[in-house]
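Engineer:
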Amino acid sequence: MTAAHRVRPRRIVDDTLTYTALIIVSLIFAFPAVWLALASFSKSGDLFSFSGFFPKEYSVNTFRELFTNDVNGLYPYGKWFMNTLYVAAASSLLGTLLVILTGYVMSRFEFKGRAGLKKATLLLGIFPGFMGMTAIFIIFAQLGLLNRLEALILLYAGTAPLGYLVQKGYFDSVPASINEAARIDGATQLTIFTRITLPLSKPMIVYTALTTFAWPWSDCLLPQLLLKQRESWTVAVGLYNMPDQQFARFAAGSVFIAVPIVILYFCLVKYIVGGLTAGAVKE
Amino acid sequence: MTVNNTQKKRARSPSVLTKLAAFAVWSPLPVKLSAMIWGLGQLIYGQITKGLMLLAAFAGVLWFFISRGFRDIAGFFTLGTVRENLWLGVPGDNSMRMLILGLFSLFALGFAFTVWYTNVKDAAFTARRVERGKKPRSFRESAAALADGKFHAAALTVPVIGVAIFSILPIVFMILIAFTNMGGEIVHPALAEWSLSAWNKILSFGKVGATFVKILGWNAEWAIASTAVNFFGGLLLALLLNKKNVRGSKIWRAFPIIAYAVPGFISMLGFKFMFSQSGPVNQMLTASGRGAIFFLSNVESAKWWARGIGLFVYAWISTPSIMLMTTGILSNISADLYEAASIDGATPFKQFTKITLPFVVFSLTPVLISQFVGNFNNFGIFFFLRGGLQSNYADYFLASDTDLLINWLYNLSVNNNYYSIGAAISLMIFVITGVCSLAVYVNSKAYKSEDTFR
Numbered sequence: 001m002t003a004a005h006r007v008r009p010r011r012i013v014d015d016t017l018t019y020t021a022l023i024i025v026s027l028i029f030a031f032p033a034v035w036l037a038l039a040s041f042s043k044s045g046d047l048f049s050f051s052g053f054f055p056k057e058y059s060v061n062t063f064r065e066l067f068t069n070d071v072n073g074l075y076p077y078g079k080w081f082m083n084t085l086y087v088a089a090a091s092s093l094l095g096t097l098l099v100i101l102t103g104y105v106m107s108r109f110e111f112k113g114r115a116g117l118k119k120a121t122l123l124l125g126i127f128p129g130f131m132g133m134t135a136i137f138i139i140f141a142q143l144g145l146l147n148r149l150e151a152l153i154l155l156y157a158g159t160a161p162l163g164y165l166v167q168k169g170y171f172d173s174v175p176a177s178i179n180e181a182a183r184i185d186g187a188t189q190l191t192i193f194t195r196i197t198l199p200l201s202k203p204m205i206v207y208t209a210l211t212t213f214a215w216p217w218s219d220c221l222l223p224q225l226l227l228k229q230r231e232s233w234t235v236a237v238g239l240y241n242m243p244d245q246q247f248a249r250f251a252a253g254s255v256f257i258a259v260p261i262v263i264l265y266f267c268l269v270k271y272i273v274g275g276l277t278a279g280a281v282k283e
Numbered sequence: 001m002t003v004n005n006t007q008k009k010r011a012r013s014p015s016v017l018t019k020l021a022a023f024a025v026w027s028p029l030p031v032k033l034s035a036m037i038w039g040l041g042q043l044i045y046g047q048i049t050k051g052l053m054l055l056a057a058f059a060g061v062l063w064f065f066i067s068r069g070f071r072d073i074a075g076f077f078t079l080g081t082v083r084e085n086l087w088l089g090v091p092g093d094n095s096m097r098m099l100i101l102g103l104f105s106l107f108a109l110g111f112a113f114t115v116w117y118t119n120v121k122d123a124a125f126t127a128r129r130v131e132r133g134k135k136p137r138s139f140r141e142s143a144a145a146l147a148d149g150k151f152h153a154a155a156l157t158v159p160v161i162g163v164a165i166f167s168i169l170p171i172v173f174m175i176l177i178a179f180t181n182m183g184g185e186i187v188h189p190a191l192a193e194w195s196l197s198a199w200n201k202i203l204s205f206g207k208v209g210a211t212f213v214k215i216l217g218w219n220a221e222w223a224i225a226s227t228a229v230n231f232f233g234g235l236l237l238a239l240l241l242n243k244k245n246v247r248g249s250k251i252w253r254a255f256p257i258i259a260y261a262v263p264g265f266i267s268m269l270g271f272k273f274m275f276s277q278s279g280p281v282n283q284m285l286t287a288s289g290r291g292a293i294f295f296l297s298n299v300e301s302a303k304w305w306a307r308g309i310g311l312f313v314y315a316w317i318s319t320p321s322i323m324l325m326t327t328g329i330l331s332n333i334s335a336d337l338y339e340a341a342s343i344d345g346a347t348p349f350k351q352f353t354k355i356t357l358p359f360v361v362f363s364l365t366p367v368l369i370s371q372f373v374g375n376f377n378n379f380g381i382f383f384f385l386r387g388g389l390q391s392n393y394a395d396y397f398l399a400s401d402t403d404l405l406i407n408w409l410y411n412l413s414v415n416n417n418y419y420s421i422g423a424a425i426s427l428m429i430f431v432i433t434g435v436c437s438l439a440v441y442v443n444s445k446a447y448k449s450e451d452t453f454r
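Chains as they are written, first to last, in my numbering: chain A, 1 to 283; chain B, 1 to 454.
Here it is, written out as structure tokens:
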């Protein structure tokens, strides 16, 4: 009891310090998000018309205008949104298939050239991603695919297999004995893959589908490079090109595409942390 | 030594040659025919579908190379010989186009060679089967064998082609561009040639060289500062939320996770608006009687403001991920260690420096080094914050004082057509980051325990 008495004043100091720090930290992280969310409900659009950080008057009008009024074709958000959805969904579908296949093969098969492929992907990972930008632009110009959303899908899905390491790690951790048993029963590799591996790896498929979806969903640079016409832009490019006068529109557009992603992250935070460390720290 | 080497060479090289010679002598006529005209051997063995498919592929390859492929490959070496002449109506050569089309044809040649090789191997396989008195495989059997015995090859074909076209081809293209004089004044219709002029410009003491040195210095500072801020920020956050007297840590943890979950470009653009000339921060400054500050604008006085804001925004976006990882690591430290330490009379501070910090640093080192490389090439942060600034600062060549090498490279090659200089810089970045990555990879556990088959 006496010991507890002696400790108490120190504990009070510690508690106040801890909670003050917590409140400050939470404010720092929450404030910009809250600021944007409130701005999206502003009645006037111009950044300068706000009183300091917050709008003078609130309304849901910006959200309605986002889809109905494109200011003479300058900000066709609905179109951008459908473009983004199309690119992200198609890249996710194709990319997931390719990455899962690559990860599975690199994990389960011993073949000539496997070590070479591994080293090649490692080497490619070292090159800065932007290095090929000019070349990519020229290639797509030659193929007549500029301003085409399909060009982006090809790019995202085509380069997705380079990130196969997380998937390989997953398949490494699934015991191979089931495969061997099926093999003894006369199943072909294709049957094993479609009937055994795919159903068993649902969590990995979900994780891969989400990450391959989230990248095109929030990438701004490749679309900026390849899509030159306003109506073929994705949401990210559109938001990038919004001026101060359209601040409320920017905020509303951001909130509209960020909210689904934020909810997704909260549901999946466990898996994502696993994925973050999987490439680097192994066992 | 030399004698030994030549002996080895002599001993090795004939073995391949003799093998080839033996194959050429031994192989029956259909295999030889297949080697000349794809699919012919297969047709003779009665494998109609496969033979026709290979024959069609052969026709396609021949058509491609005769109609343009060989011309494109020649163009790869000359980079164009005919200059455009509008008076005479001569369309002229486009060096950039010739380089990329030539490269593409070379890739296609490699691909054609692979198909040819597979085709000969397949014919030889069938020949051996026939010799042993078995029937040649039907198309269905071949397809089944491909899906089963060669599953890995069949499965990896599409990924490999995709990566080859969209990742390897552009990179090889850029490497080659670094050794031409393309860009600046030499753009279409002028003809380019192979040269080292880009390297001369960067490594000499001209304006380009001076800019390179200046940007490289800031780039290194940025990479070190941002990685350090990120690590210590994330660690402090994790320790704070992990304290025993914090109640409802799940709720407190939600705030950083929001910052982590919002797409990065939205956060960066949001901060750009916050610190913009007419933004809320400046409104409050003017309202309180002080003048507005040019935080991110295109003026020289913005240099350290912009750099500082960049660091803060970067920390805002990425400390939460370090926090999440560190929280996981902290839960792995055995409580016994702390108990033993406190029995021995170690203060909490001592426990932190002797137990917690080494443990976290040890577990996070690979992540930190890959983040260091990522930060070195952090294109987005200043691109979004300063809106891809195009300013011509007096002592910078087409760059601003917050640009990293990667921003400069983008400015040079995508916006200003200085292709060869941009390509040479990207090669430099590759060397710098490559050395870091390689050092990490070689020292990583994953590499050391490689191929202990599980």
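Idealized CB from N, CA, C, for every residue including glycine.
Run the CB neighbour count on residue 267 (chain A), radius 10 Å, all protein chains shown included, and call it buried at 16 or more, exposed below.
Structural biologist: Locating residue 267 (chain A) in the first sequence gives position 267, where the first residue counts as 1. Under this definition residue 267 (chain A) is an exposed residue.
Engineer: To the nearest angstrom, report how far apart residue 29 (chain B) and residue 428 (chain B) are at their CA atoms.
Structural biologist: Within the second sequence, the letter at position 29 stands for residue 29 (chain B). Within the second sequence, the letter at position 428 stands for residue 428 (chain B). Between residue 29 (chain B) and residue 428 (chain B), the C-alpha separation is close to 53 Å.
Engineer: Tell me whether the beta-carbon of residue 127 (chain B) lies closer than 8 Å to the beta-carbon of residue 25 (chain B).
Structural biologist: Walking along the second sequence from the start, residue 127 (chain B) turns up at place 127. Walking along the second sequence from the start, residue 25 (chain B) turns up at place 25. No, the pair does not count as a contact, with Cβ atoms beyond the cut-off.
Engineer: How far does the alpha helix (DSSP H) with residue 96 (chain A) in it extend, from its first residue to its last?
Structural biologist: The sequence position of residue 96 (chain A) within the first sequence is 96, counting from 1. Where residue 96 (chain A) is concerned, the enclosing alpha helix (DSSP H) stretches over 77-108.
Engineer: Whose Cβ in chain A lies nearer than 8 Å to the Cβ of residue 408 (chain B)?
Structural biologist: The residue you call residue 408 (chain B) lines up with position 408 of the second sequence. None at all; the shortest Cβ gap to chain A is about 11 Å.
Engineer: Drop a sphere of 10 angstroms on the beta-carbon of residue 371 (chain B), count the other beta-carbons inside from all chains shown, and report buried for 16 or more, exposed for fewer.
Structural biologist: For this step, residue 371 (chain B) is matched to residue 371 along the second sequence. It is buried - the Cβ of residue 371 (chain B) has at least 16 other Cβ atoms within 10 Å.
Engineer: When you compare each of B:227, B:330, B:332 to residue 310 (chain B) by their alpha carbons, which one comes out closest?
Structural biologist: As a first step, residue 310 (chain B) must be located in the second sequence, where it is residue number 310. Cα-wise, what sits closest to residue 310 (chain B) is B:227.
Engineer: Where do the N-terminal and C-terminal ends of the alpha helix (DSSP H) with residue 133 (chain A) fall, by residue?
Structural biologist: The sequence position of residue 133 (chain A) within the first sequence is 133, counting from 1. Here the alpha helix (DSSP H) through residue 133 (chain A) covers 133-142.
Engineer: Please report the residue range of the alpha helix (DSSP H) in which residue 172 (chain A) lies.
Structural biologist: Numbered from 1 along the first sequence, position 172 holds the residue referred to as residue 172 (chain A). From DSSP, the alpha helix (DSSP H) with residue 172 (chain A) extends over 165-173.
Engineer: Comparing C-alpha positions only, which one of A:126, A:115, A:139, A:181 sits nearest to residue 105 (chain B)?
Structural biologist: If you number the second sequence from 1, residue 105 (chain B) lands on position 105. The residue with the shortest Cα to Cα distance from residue 105 (chain B) is A:139.
Engineer: May I ask you to list, following chain order, the residues of the segment 70-103 of chain B that have a beta carbon less than 8 Å from some beta carbon of chain A?
Structural biologist: The residues in question are 96, 97, 100, 101.
Engineer: Give me the chain B residues within the contact set of residue 260 (chain A), using Cβ-Cβ distance strictly less than 9 Å, ordered along the chain.
Structural biologist: Translated into the one-based positions of the first sequence, residue 260 (chain A) becomes position 260. Per Cβ cutoff of 9 Å: no residues; residue 260 (chain A) is ~10 Å from chain B at best.
Engineer: Excluding the five sequence neighbours on either side, which residues of its own chain have a C-beta within less than 6 Å of the C-beta of residue 327 (chain B), listed in chain order?
Structural biologist: Locating residue 327 (chain B) in the second sequence gives position 327, where the first residue counts as 1. Result list for residue 327 (chain B): 238, in chain order.
Engineer: Note down, in chain order, all residues in the segment 224-238 of chain A with a beta-carbon under 8 Å from any beta-carbon belonging to chain B.
Structural biologist: The residues in question are 225, 236.
Engineer: Between which residues of its own chain and residue 38 (chain B) is the CB-CB distance below 6 Å, once the five residues before and five after are set aside?
Structural biologist: As a working note, residue 38 (chain B) is residue 38 in the second sequence. Correct list, in chain order: 54, 58, 119.
Engineer: Residue 293 (chain B) by DSSP, collapsed to three states: which one?
Structural biologist: Working through the second sequence from its first residue, we reach residue 293 (chain B) at position 293. Residue 293 (chain B): coil per DSSP, three-state reduction.
Engineer: According to DSSP, is residue 477 (chain B) part of a helix, a strand, or is it coil?
Structural biologist: Nothing about residue 477 (chain B) can be read from this structure; chain B reaches only from 1 to 454.
Engineer: Are residue 260 (chain B) and residue 265 (chain A) touching if we call contact CB-CB under 8 Å?
Structural biologist: The residue given as residue 260 (chain B) occupies position 260 in the second sequence. The residue given as residue 265 (chain A) occupies position 265 in the first sequence. Against a cut-off of 8 Å, the Cβ pair of residue 265 (chain A) and residue 260 (chain B) comes out as a contact.
Engineer: If distances are taken between C-alpha atoms only, which option among B:331, B:73, B:62, B:215 comes closest to residue 398 (chain B)?
Structural biologist: Counting from one through the second sequence, the residue named residue 398 (chain B) turns up at place 398. Closest option to residue 398 (chain B), Cα to Cα, is B:215.
Engineer: Scan the segment 258-288 of chain B for residues whose Cβ lies nearer than 9 Å to a Cβ of chain A and list them as they occur along the chain.
Structural biologist: For the segment 258-288 of chain B, which is checked against every Cβ of chain A, the residues closer than 9 Å are 258, 259, 260, 261, 262, 263, 264, 265, 266, 267, 269, 270, 271, 273, 274, 276, 277, 278, 279, 280, 281, 283, 284, 287.
Engineer: For residue 219 (chain B), count the other beta carbons within 10 Å of its own beta carbon; 16 or more makes it buried, fewer makes it exposed. Which is it?
Structural biologist: Residue 219 (chain B) sits at position 219 when you count from the first residue of the second sequence. Per the 10 Å Cβ criterion, buried.
Engineer: What does residue 30 (chain A) reach in chain B if we use C-beta pairs closer than 7 Å?
Structural biologist: For this step, residue 30 (chain A) is matched to residue 30 along the first sequence. Under the 7 Å cutoff, chain B gives 255, 258.
Engineer: Would you mind listing the alpha helix (DSSP H) stretches within the segment 138-167 of chain B that are 4+ residues and don't spill past its ends, in chain order?
Structural biologist: Counting whole runs of 4 or more residues, the segment 138-167 of chain B contains the alpha helix (DSSP H) stretches 139-148, 151-163.
Engineer: Leaving out five residues before and five after residue 396 (chain B) in sequence, what residues of the same chain have Cβ atoms less than 6 Å from its Cβ?
Structural biologist: By 1-based counting over the second sequence, the position of residue 396 (chain B) is 396. So the list reads 211, once near-sequence residues are dropped.
Engineer: Restricting to runs no shorter than 4 residues, where is the alpha helix (DSSP H) found entirely within the segment 226-272 of chain B?
Structural biologist: Runs of the alpha helix (DSSP H) inside the segment 226-272 of chain B: 249-261.
Engineer: Could you name the residues that DSSP lists as bridge partners for residue 211 (chain A)?
Structural biologist: Within the first sequence, residue 211 (chain A) is the residue found at index 211, counting from 1. None, per the DSSP bridge assignment.
Engineer: Which chain A residues sit within Cβ distance under 7 Å of residue 243 (chain B)?
Structural biologist: Counting from 1 along the second sequence, the entry for residue 243 (chain B) is found at position 243. The answer, in chain order, is 18.
Engineer: Can you tell me whether residue 20 (chain A) is buried or exposed? The criterion is at least 16 other CB atoms within 10 Å of its CB, across all chains shown.
Structural biologist: Locating residue 20 (chain A) in the first sequence gives position 20, where the first residue counts as 1. Result: exposed.
Engineer: Quick one: any contact between the segment 58-71 of chain A and the segment 184-199 of chain A, if contact means 3 or more CB pairs under 8 Å?
Structural biologist: Counting Cβ pairs under 8 Å, fewer than three are found: no touch.
Engineer: Sorted by chain position, which residues of the same chain lie with C-beta nearer than 7 Å to residue 325 (chain B)'s C-beta, five sequence neighbours on each side aside?
Structural biologist: Indexing the second sequence from 1 puts residue 325 (chain B) at position 325. The residues are 364, 367.
Engineer: Buried or exposed for residue 201 (chain B), going by 16 or more other Cβ atoms inside 10 Å?
Structural biologist: In the second sequence, counting from the first residue as 1, residue 201 (chain B) sits at position 201. Looking at its Cβ environment, which holds 16 or more other Cβ atoms inside 10 Å, residue 201 (chain B) is buried.
Engineer: How many Å lie between residue 12 (chain A) and residue 249 (chain B) at the Cα?
Structural biologist: Residue numbering aside, residue 12 (chain A) sits at position 12 when the first sequence is read from its first letter. Residue numbering aside, residue 249 (chain B) sits at position 249 when the second sequence is read from its first letter. Roughly 18 Å between the two C-alpha positions.
Engineer: Give me the Cβ distance between residue 173 (chain B) and residue 135 (chain A), rounded to the nearest whole Å; I'm assuming they're in contact under 8 Å.
Structural biologist: Within the second sequence, numbered from 1, the residue matching residue 173 (chain B) stands at position 173. Within the first sequence, numbered from 1, the residue matching residue 135 (chain A) stands at position 135. That pair is a contact at about 4 Å.
Engineer: Helix, strand or coil: which one does DSSP assign to residue 51 (chain A)?
Structural biologist: Counted from its first residue, the first sequence places residue 51 (chain A) at position 51. Three-state DSSP puts residue 51 (chain A) in a strand.
Engineer: For residue 113 (chain A), write down the residues that DSSP places opposite it in a beta bridge.
Structural biologist: Stepping through the first sequence from its first residue, residue 113 (chain A) is reached at position 113. Paired residues: none, contrary to the question.
Engineer: Which residue spans inside the segment 10-68 of chain B form an unbroken alpha helix (DSSP H) run of at least 4?
Structural biologist: Whole alpha helix (DSSP H) segments, 4+ residues: 29-36, 40-44, 48-64.
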